[in-house]
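This report refers to the structure that appears directly beneath it.
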Amino acid sequence: MLLVCVYFPQGEEKICSAVRFYRGVKALSGGYNRWRPVLGFIIAILFLALCFTPQMRSILTLPDSTKLVVGEKRSIKVELPAKISNRLEMLIKEDYASVFAEPQDAPVMVRKSATGYEILALKPGRAEVTLKVLGYVPVKTIEVESVPVKRVVLGGHSIGVLLQSNGIMVVGFAPIITDEGEKISPAREQGVEIGDLIMAVDGYEVKTENDLARIIDSKKDETFSLRIKREDKIISLPVKGYFCRETGRYRIGLYVRDGVIGVGTLSFWDPESKVYAALGHIIIDADTKQGIDVLKGKIMSASVQTIKPGRPGRPGEKIGVFASEGEIAGNIIKNTLFGIYGQTEGEVRNPLYDYAIEVGYAHQVKKGPAEMYTVVNGDSIEKFAIEIEKVYPERQNGKGMIIRVTDPRLLSLTGGIIQGMSGSPIVQDGKIIGAVTHVFLNDPTRGYGVFMDNMLAELEDCRKENNKVSTN
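Mapped onto full-length UniProt numbering, the consecutive letters of the sequence shown carry residue numbers 1 to 472.
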């Protein structure tokens, strides 16, 4: 009250007025504090209601990232009243390493359209595009990847696959019968497990089943050390061999395998690096269900001799023979989730395509008709009609498409998708968009396909590994 008296020295009436004004402001302030939680709740409800309007949902549901091929454009619809949309701007974020650096042309261009905006890919690169209100307040940011037009040689060729694992894989236990008639399994008793990879015996590396059997037999009844790779760990286990009268040699009671042999399909070949992709999925051991770590391997041409049609609950298969003098020959560098990769010794051609075919990416794949290329007789590549029933662009597990065989001839020959078709390329609208990977056991007419996006990512890693090897 002392301050009020100082500022109003003219009389008692003015002093009383000042006091009443101060008390009124204090009362109003106290009322606001009491109602503030209610006002906050009302504002939150209004904000949520705004978010659920169709217009705002059209903005909030825009993707966080998108991929475009150079020359391709994407429309961004903005369904808002004219008064609001006129205050929106879509801008490309400028991010220079230094204030002294000259501005670089952005890989994409943004332009306004009748329904919103269009993003046009100009050159390979990445950019952030932000939708802002009044040019300041960001509403949505989209990361745009602009990729170059890619062309590859279409596959469909039948190939033989010979893959040697990096280590001898334990696939089962084979008990040894002693003189007393007792069944023993020395390796199992010492902790060896199915799926283990035997890398060495007493420091001697083993690369084949014969290597392992020969060293164990030479040790006779001595205790020796097995160096084992189990997942990402290396362990050593002491094991003693026992003489097996049935085989006439010393054993440790294991079933082992050092590789696999089979028939598959080439997906595509990159003419720039001579790197191929095949199968569309990882090669796993039939007993352990684990992916095989590659020590070395090779592919070669194969000829399909006969077909075992598929039925519900029983997958069919191609039965073929390897042709070492065929047109295709190459190594196996990687066994990945999206297929096997390696380098061929010569060029690869597809007689149905005299030119390299353009790659189609996941965002370009749509439901509808497509074609699959594969071999069902001899070594002749044929085209068959299929239908893409579902598309899951966000999937990264090699099962991005669900496909169905619709070609009457292929259905009569094979019943649908069979073993040996894995890797058969899928073409839609004149672009290779992926490859066949798996069949549905209960419906052989349907199966999964993998996107080219996934396969090309592994291809790039394979090219880098090749460059390292050639440099060294």
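Note that beta-carbon positions come from the ideal geometry of N, C-alpha and C, so glycine has one too. All figures in this text were calculated on a predicted structure; none of them were measured in a lab.
Checklist entry - Of the choices L154, V144 and S113, whose alpha-carbon is the least far from that of L352? => result Residue L154 is the option with its Cα nearest to L352.
Next on the checklist: For T306, list the residues DSSP reports as bridge partners.
Outcome noted: Partner(s): I319.
Checklist entry - How long is the line joining the alpha carbons of E102 and T336, rounded to whole angstroms? => result Unreliable placement is indicated for E102, whose pLDDT of 44 sits below 50; the coordinate value is still reported in the next sentence. So the two alpha carbons sit approximately 42 Å from each other.
Item to check | Residue range of the unbroken beta strand (DSSP E) whose run includes P393 | outcome: Note, P393: premise wrong, no beta strand (DSSP E); not H, not E.
Checklist entry - Below 8 Å between beta carbons: does that hold for G398 and N454? => result Result yes, Cβ atoms of G398 and N454 sit closer than 8 Å.
Checklist entry - How many whole angstroms separate the CB atoms of G423 and A213, which I take to be in contact at a CB cut-off of 8 Å? => result Not really, about 34 Å apart at Cβ, beyond 8 Å.
Item to check | Local conformation of T406 per DSSP, three classes | outcome: Here T406 carries a coil assignment [DSSP, helix/strand/coil].
Item to check | Integer-rounded CB distance, given that L226 should sit under 8 Å from S218 | outcome: Rounded to whole angstroms, the Cβ separation of S218 and L226 is 15 Å, and the two are not in contact under 8 Å.
Next on the checklist: So L254 and V170 are supposed to be a Cβ contact under 8 Å. How far apart are they, rounded?
Outcome noted: L254 to V170, Cβ: 6 Å. Contact.
Checklist entry - What do you reckon, are the CB atoms on V206 and A200 nearer than 8 Å? => result Result yes, Cβ atoms of V206 and A200 sit closer than 8 Å.
Checklist entry - A106 and G71: beta carbons closer than 8 Å? => result Going by C-beta atoms, A106 is not nearer than 8 Å to G71.
Next on the checklist: When you compare the CB positions of V439 and G449, do they come within less than 8 Å of one another, or not?
Outcome noted: At a Cβ-Cβ threshold of 8 Å, V439 and G449 do not count as neighbours.
Checklist entry - Which ranges does the beta strand (DSSP E) cover as unbroken runs of at least 3 residues, wholly within the stretch 341-396, from first to last along the chain? => result Within the stretch 341-396, the complete beta strand (DSSP E) runs of at least 3 residues are 357-359, 368-375 and 381-391.
Checklist entry - Taking just the CA atoms, how far does P148 sit from D64? => result Roughly 21 Å separates the two Cα atoms.
Checklist entry - In angstroms, rounded to a whole number, what distance separates the CA positions of D232 and I177? => result As the crow flies, the alpha-carbon of D232 is around 34 Å from that of I177.
Item to check | 7 Å CB neighbourhood of V139 in its chain, flanking five on each side removed | outcome: Excluding five sequence positions before and after V139, the CB atoms of its chain that fall closer than 7 Å to its own CB belong to I59, L131, K132 and V133, given in chain order.
Checklist entry - What is the DSSP secondary structure of D285, counted as helix, strand or coil? => result Looking at D285 - three-state DSSP - the assignment turns out to be coil, as it is neither helix nor strand.
Next on the checklist: I'd like the list of long-range same chain contacts for V99, defined as Cβ closer than 6 Å, with 5 residues on each side in sequence excluded.
Outcome noted: Low per-residue confidence applies at V99: pLDDT is 44, beneath 50, and the placement is therefore not dependable enough to give any value.
Checklist entry - Do the stretch 338-352 and the stretch 278-291 touch if we need at least three Cβ pairs shorter than 8 Å? => result Segment contact: the stretch 338-352 against the stretch 278-291, three or more CB-CB distances shorter than 8 Å; contact assigned.
Checklist entry - Can you round the beta-carbon distance between I402 and K390 to whole angstroms, since I take them to be within the 8 Å contact cut? => result The distance from the Cβ of I402 to that of K390 is about 4 Å, consistent with a contact at the 8 Å cut-off.
Next on the checklist: What ranges does the beta strand (DSSP E) occupy inside the stretch 151-208, keeping only unbroken runs of at least 3 residues that lie completely in it?
Outcome noted: Given a length threshold of 3 residues, each whole run of the beta strand (DSSP E) inside the stretch 151-208 is given here in chain order: 151-154, 158-173 and 197-201.
Checklist entry - Alpha carbon to alpha carbon, what distance is there between I381 and A302? => result So the two alpha carbons sit approximately 12 Å from each other.
Checklist entry - Distance, Cα to Cα, residue 549 vs I418? => result The shown model of the chain, from 1 to 472, leaves out residue 549, and the question about it has no answer.
Item to check | Host beta strand (DSSP E) of F338 (start-end) | outcome: Taken as a continuous stretch (DSSP letters only), F338 belongs to no beta strand (DSSP E), as it is neither H nor E.
Checklist entry - For E458, which three-state DSSP category applies? => result Three-state DSSP puts E458 in a helix.
Item to check | N-terminal and C-terminal residue of the beta strand (DSSP E) that T66 is part of | outcome: First-last of the beta strand (DSSP E) with T66: S65 to V69.
Item to check | A97 burial status per 10 Å Cβ neighbour count (16 or more: buried) | outcome: Any reading at A97 is ruled out, since the residue's pLDDT is 42, under 50, leaving its predicted position unreliable.
Item to check | Own chain residues within Cβ distance below 6 Å of R151, not counting five before or after | outcome: Taken in chain order, the residues that qualify are A356 and E358.
Checklist entry - So, helix, strand or coil for S236, using DSSP? => result If DSSP states are grouped into helix, strand and coil, S236 belongs with the strands.
Checklist entry - Three-state secondary structure (DSSP) at V25? => result For V25, the predicted structure reports a pLDDT of 49, less than 50, and the residue's modelled location is therefore unreliable. The matter cannot be settled from this model.
Checklist entry - Near I194, which residues of its chain fall below 8 Å by C-beta distance, leaving aside the five closest residues on each side in sequence? => result The residues are V170, V171, G172, F173, D287 and T288.
Next on the checklist: Taking the alpha carbon of S267 as the reference point, which residue from R349, K67, D407 and V144 has its own alpha carbon closest?
Outcome noted: When each option's Cα is compared against that of S267, the closest is R349.
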